[in-house]
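Quick note, the sequence shown lines up with residues 1 to 436 if you use UniProt numbering.
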Amino acid sequence: MELYPIYFASLVLFNAALAYHRRERSKSDGSKEETLALPQGEGRDDARKFKVTYFTVYLLAMGADWVQGPFMYTVYKDEKNLSEAVVAALFTTGFVCAGITASFVGALADKHGRRAACLTFCVAYAVSCLSVLSNDMVVLFTGRALGGLATTLLYSVFETWMIAEYHASGLSDSLRLEDMFGMSITLSGVVAIVAGVVGEAVVGYTGTKVAAFLVAILCLGAAFAYIWNFWSENYGEPEDEKSGSDLRASLLDKRVLSLALATTVFEGSMYLFVFFWAPALKSARAMAGIKDLPPFGLIFSSFMCAMMMGSMLFSTLDPRAGRDTGKLLLSILAMGANSLFVPVLFNNEMVSFWSFAAFEMCVGLYFPTMSRLKSELVDDAVRGKVYALMRLPLNVFIVLALGVTREGDAHRGMVFSAVGGLLLCSVFVVQKYLCK
């Protein structure tokens, strides 16, 4: 009997119970603001319009990423029958391109407009998804290169546009910025769950994993149209001596450097996890003598439930001070390390699944926590540049890790152990510079 539908249902019920608990506690405390509620008082309509304008696009973009994400490894490995080394090379190409573009894409977005950069993301990612229709290696590698560019844009310019527009619109009295961060993860978790189920259904109906990539293209087309019609443009400050000084000051700030280290190690672990979770569960299942492949779309939706649980926990904890947020980041790094050690010690499918779910819960906690810290420590004028540059060491880390990727359980276990150890090391740096 396949247990993953039960696991998924239990995670959905737990999320529903957590959401109900948060709502009831908010009522009993007489709270006037809820993470998923509309703001009260003056500015309510402006805040509601701002959220609809941003989240319509953001969730379409994330939906495009989520719906084909679980099938990227398997479409290369199983449908195109590529070796593990070639699949790793394809993934590495994406991260190399992401690392290269991280060095300048933020500056270009600040100069030529964050809206224009978001439109570029839609086009680049759509072409990347189209590339899987081909079996030509040049086309596949070109697609992964464009995917790397799109990833850099997705995780830098969208948030940069939102923060700049938030400040320009004067919404601080009617909407808290940290609520936007929490909502981003919670709502993207909901979209990811739906995307996982839709992806699994489409793949099952068509008989090919490529279908999930075509659904992603539809999402990207809708996002492009909405940005084109409803988003205004915003820019960073023009390049001058002051902005250059602000950029240097931000990049030399030990707190920002600590965030860059945490970003590199945690998000590097996350991307390696994306590459390895499917073969890890396949291996554990094979060792149990089960020949059928795991239901990857349903598993992905379960992981997204766990991630959404983490984002709701962030909203429940609601750290008010930078030091409290730093302590929360420290706890996330420690929990993430332990959740990656468990599958190494116990090569059991159920144990591996739940430890991976725990890691995804850490991911749900991590992103609003990191967004909160970056919004407090990085100046708006150079935000795009700093955010993009913070991803440069991340992509170098991933390229180096994937460059030595080999087939087999032993290597996968070594990777999980290594990144778990690095997460523990980053705990001490965060403790020193962000928890004082």
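By construction, the Cβ of each residue, glycine as well, lies at the ideal position given by its N, Cα and C atoms.
Since the model is a prediction, treat every value here as computed from it, not as a measurement.
Compute the distance between the beta-carbons of residue i and residue j, then report whether it is under 7 Å.
i    : j    : result
V430 : L317 : no
F416 : L340 : yes
Y73  : L82  : no
I332 : C305 : no
S258 : Y433 : yes
A64  : A216 : yes
Y54  : S302 : no
A288 : N347 : no
F71  : K209 : yes
W66  : A192 : yes
V157 : A107 : no
S426 : A262 : yes
T152 : G384 : no
V57  : Y166 : no
R114 : N234 : yes
F356 : W231 : no
E267 : L394 : yes
From residue i to residue j, what does the alpha carbon distance come to, in whole angstroms?
i    : j    : result
L293 : K282 : 7 Å
G236 : H112 : 9 Å
L400 : V96  : 10 Å
A116 : P343 : 43 Å
T264 : A358 : 20 Å
M62  : A98  : 17 Å
A418 : D45  : 49 Å
N338 : V138 : 39 Å
S375 : L11  : 31 Å
G326 : L373 : 8 Å
S131 : C435 : 45 Å
V52  : F300 : 26 Å
S371 : M183 : 12 Å
V178 : E360 : Per the sequence shown, the amino acid found at residue 178 is Glu instead of Val. If you take the alpha carbons of E178 and E360, they lie about 20 Å apart.
P295 : E2   : 9 Å
A85  : D409 : 15 Å
G69  : C129 : 10 Å
R23  : L313 : 13 Å
S269 : G420 : 8 Å
D136 : A19  : 47 Å
M414 : Y205 : 37 Å
G94  : V396 : 11 Å
I290 : E349 : 11 Å
L345 : S172 : 48 Å
R248 : M307 : 34 Å
Within the same chain, show all residues whose beta-carbon is closer than 6 Å to that of residue i, passing over the 5 residues directly before and after it, in chain order.
i           : result
residue 448 : Nothing can be reported for residue 448: it is not among the residues displayed for the chain, which extend from 1 to 436.
A17         : none
Y271        : I398
For a test of the three-state rule: what should DSSP assign to residue i, helix, strand or coil?
i    : result
V176 : The sequence given here has Arg at residue 176, not Val. Note: R176 maps to coil in three-state DSSP.
A201 : helix
F435 : It should be noted that the sequence gives Cys, not Phe, for residue 435. It is coil, neither helix nor strand.
F14  : helix
P295 : coil
L288 : Rather than Leu, the amino acid found at residue 288 in this sequence is Ala. Three-state DSSP puts A288 in coil, outside helix and strand.
T208 : coil
S258 : helix
G113 : coil
D253 : coil
R48  : helix
V132 : helix
Y20  : helix
A156 : What sits at residue 156 in the sequence shown is Ser, not Ala. Here S156 sits in coil by DSSP.
S31  : Only weak support is given to the placement of S31: the predicted model assigns it a pLDDT of 48, under 50, and the value that follows is read from those uncertain coordinates. Coil.
Among the residues of its own chain, which have a CB less than 8 Å from the CB of residue i, if the five just before and after it don't count?
i    : result
S103 : A388, L389, L392
V127 : G143, L146
S250 : V256, L377, V378, D379, V382, V386
L298 : Y4, P5, F8, G196, V197, E200
I163 : L177, S375, D380, R383
V203 : F71, K209, A211, A212, G297
E79  : T208, K209, V210
K334 : Here residue 334 is Ala; the residue named in the question, Lys, does not match the sequence. Cβ neighbours of A334 beyond the five flanking positions: L423, L424, V427.
Assuming residue i contacts residue j (C-beta within less than 8 Å), just tell me the rounded distance between them.
i    : j    : result
P368 : F181 : 4 Å
A124 : L146 : 5 Å
M309 : F50  : M309 to F50, Cβ: 26 Å. No contact.
W228 : L119 : 7 Å
G148 : T101 : 7 Å
A47  : S174 : 4 Å
S315 : G189 : Actually they are not in contact, since the Cβ atoms of S315 and G189 sit about 12 Å apart, beyond 8 Å.
L423 : G336 : 5 Å
Would you check whether the ligand MG has a heavy atom nearer than 6 Å to the C-beta of residue i?
i    : result
Y166 : Here there are no bound small molecules, and the ligand MG is not part of this structure.
Residues in its own chain within less than 7 Å of residue i by CB, not counting five upstream and five downstream?
i    : result
S134 : L140
L352 : Per the sequence shown, residue 352 should be read as Ser rather than Leu. Answer for S352: A280, L281, A284, P343, listed in chain order.
A150 : F121, A124, Y125, S128
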